[in-house]
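Going left to right, the sequence shown walks through residues 1 to 457 as my numbering numbers them. In what follows, a structure is listed as structure tokens, so that the remarks can point back to it.
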Amino acid sequence: MIRQREGGQKNGGRYFSASHFSVSGVLRQSVLPFLLVLIFVHPTWAQRKPNIVIILADDMGYADIEPYGAKDIRTPALNRLAREGVKMTNFYANGPNCTPTRAGLMTGRWQQRVGLEWATRPTDKRSELPLSEPTVARMLKEAGYATGMFGKWHLGYAIARGPVAHGFDEFFGLLTGNVDMYSHQYRTGMADLYDGTAAVERDGYLTDLLTEKAVDFIGRHKDQPFFLYVPYNAVHWPFQTPGTPKDIRTLATWFDGTRKDYALMLERMDWGIGQILKALDQHKLNNDTLVVFTNDNGGERLSDNRPLFHHKSTLWEGGIRVPCLLRWTGKLPAGTVSSQMGITMDLTATAVALANARPAKPLDGINLLPLLQRNAKSQPRTFYWRINQPGLAQKAVREGQWKYVQEGENELLFDLSRDIGERHNLRYQRDNLVKDLRAKFTKWEAEISQSTTGLTQ
Ligand SMILES: [Ca+2]
């Protein structure tokens, strides 16, 4: 509020210059006091719309950051977010790998509605987020936000129908799922680094380039509401560490790496998040900014997913349950832990609600902020996931403490409140519950299939 008031005086000072002296005296006495009164008493004038920063990690293990139990990786920036915000312990990714979760985040709807249920590859030319789908970027842009994305898109391979076409004023990053951190090429050797809609070449470690762009964006847009989306490519393979620019990868070495390499990559991302937080400090934006950190899917072979079972690209908890930290100084209770169930597309609905934007299609996510207040009553939710790939067919439902999994012909039921590792199948002890969750899944699937607008993979 104070900043806006100061901005108003400053603009007034510029407008009422010496060349308008005779008019300015009158205006100063009659209009300015009136404007100042309006700014103080009118709620929408008095409060700027909050900035929204969403930082997304890639393929990170559930226990790979200190707030979620990491012992061999230092994450001071994420520790700070947890200390100053809310840590969610029942938060899920929309999908078990990159593309579906990002489709859910961009649209605020089940990714099945746009036919993006599995990670796309550059050979899947027709598999992309349709331009007919309103994204969070477009909705916030229409609500007056500056919109910037610095990182990984993975929702199609045509730059003409990429982030800029979907509502981001600014984009710097990659379209594919992973690139060499130094050469910025996909593993086939295809260059994959863009600034806006132009292919570019830059020297530098990808994580640092993205951080630099995000910090610069905050500085340039500090005086207007902004939506900043930073989907880091860390800690996805190739596992290249900072400060090793001669370590250019080939197909033969693309997947090489150790736990130590992975840790260094993650710590560099945390350092970048620290720079973003510092920029918000420097511009005194913490009271005006919701900062969210989450991950697109469970970890891979170098990750620590404990205590969750299995990993990325499965519907076991290790594939879909992810960390989520939210900070909004003065608006969310600092240093608290919430067991409220949440899912990636809730972040979209939260952003849309904060921006007072109008979703052109009904959102499947919900605004989390009222549910994260101290002593807020938990809201019951039901989440659904589906994998239908050659060699892997899974369905899953999470409702309350229960997790239903169907893998091929096998049905399993777990009580996550006592068995977060999904070790004790209760399917035969709770037959009615299994029937109920199976029926809910069938109903959800029927509803989703009626609304699918994208090109199915
Ligand atoms: Ca991923």
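We put the CB at the ideal spot given by N, CA and C, even for glycine.
Check: residue i C-beta below 7 Å from any heavy atom of ligand 1
i	result
D59	yes
H184	no
D296	yes
H310	no
N97	yes
H236	yes
7 Å Cβ shell around residue i - same chain, five flanking residues per side excluded
i	result
L251	R187
F168	A137, T147, G148 and M149
T135	M106, T107, H166 and G167
D72	A263
D346	G365, I366 and L368
Y145	P225, F226, F227 and A355
E447	none
V164	F171, G196 and T197
E142	A357
L285	N51 and K222
E399	T382 and L437
I159	L175, Y194 and T197
K361	R109 and P134
Under 8 Å between C-beta atoms of residue i and residue j
i	j	result
P231	Y62	no
T241	L264	yes
L78	I276	no
V291	V53	yes
N233	L302	no
T176	P100	no
H310	G219	no
N90	Q111	no
G467	L210	Past the boundaries of the shown model lies residue 467; the chain is included only from 1 to 457, so the question cannot be answered.
L437	W402	yes
V397	K440	yes
R74	E267	yes
Q340	Q373	no
L326	V86	yes
Chain-order list of residues whose beta-carbon lies under 8 Å from that of residue i (same chain, five-residue window excluded)
i	result
P96	N297, G298, K312, S313, T314, L315, G319, I320, W385 and I387
V434	Y404, E411, L413 and R427
N425	L412, L413 and F414
E201	H184, A191 and L193
D256	P238, F239 and R249
Inter-residue CB distance, residue i and residue j (contact presumed, cutoff 8 Å)
i	j	result
M139	A357	4 Å
E128	G156	3 Å
E466	A279	There is no way to answer for residue 466, as the model of the chain reaches only from 1 to 457.
A349	G330	About 22 Å; that fails the 8 Å criterion.
P238	N178	7 Å
E486	G204	Since the first residue shown for the chain is 1 and the last is 457, residue 486 is missing from the structure and cannot be characterised.
E300	L308	Going by Cβ atoms, the distance from E300 to L308 rounds to 13 Å, so no, they are not a contact pair.
D270	P76	7 Å
H154	R102	6 Å
Y92	F383	6 Å
D58	V215	So it is not a contact: roughly 20 Å between Cβ atoms.
A82	C98	Not quite, the Cβ-Cβ distance comes to about 25 Å (not below 8 Å), so this is no contact.
L56	T258	Contact doesn't hold; Cβ gap of about 24 Å is too wide.
Neighbourhood of residue i by C-beta distance below 6 Å, restricted to the same chain and skipping five residues each side
i	result
D304	G61, A63 and D64
D261	F239 and T241
M88	C324, S338 and G342
E407	Q394
W328	L290
N287	T329 and G330
L416	Q401 and K403
L35	Confidence in L35 is poor, its pLDDT being 48 and thus under 50, which makes the residue's placement unreliable; the coordinate value appears in the next sentence. The answer is none, since no qualifying residue turns up.
G421	P307 and F309
Continuous alpha helix (DSSP H) assignments of at least 4 residues falling wholly in the stretch 82 to 111: 98 to 107
Segments assigned beta strand (DSSP E), at least 3 residues, entirely inside the stretch 294 to 342: 324 to 327
Segments of 3+ residues assigned as beta strand (DSSP E) that fall wholly inside the stretch 341 to 411: 382 to 389, 392 to 399 and 402 to 407
Runs of beta strand (DSSP E) wholly within the stretch 219 to 287 (minimum 3 residues, chain order): 226 to 231
Whole beta strand (DSSP E) elements within the stretch 424 to 449, 3-residue minimum: none
Within the stretch 120 to 151, ranges of the alpha helix (DSSP H) (whole runs, at least 4 residues): 136 to 142
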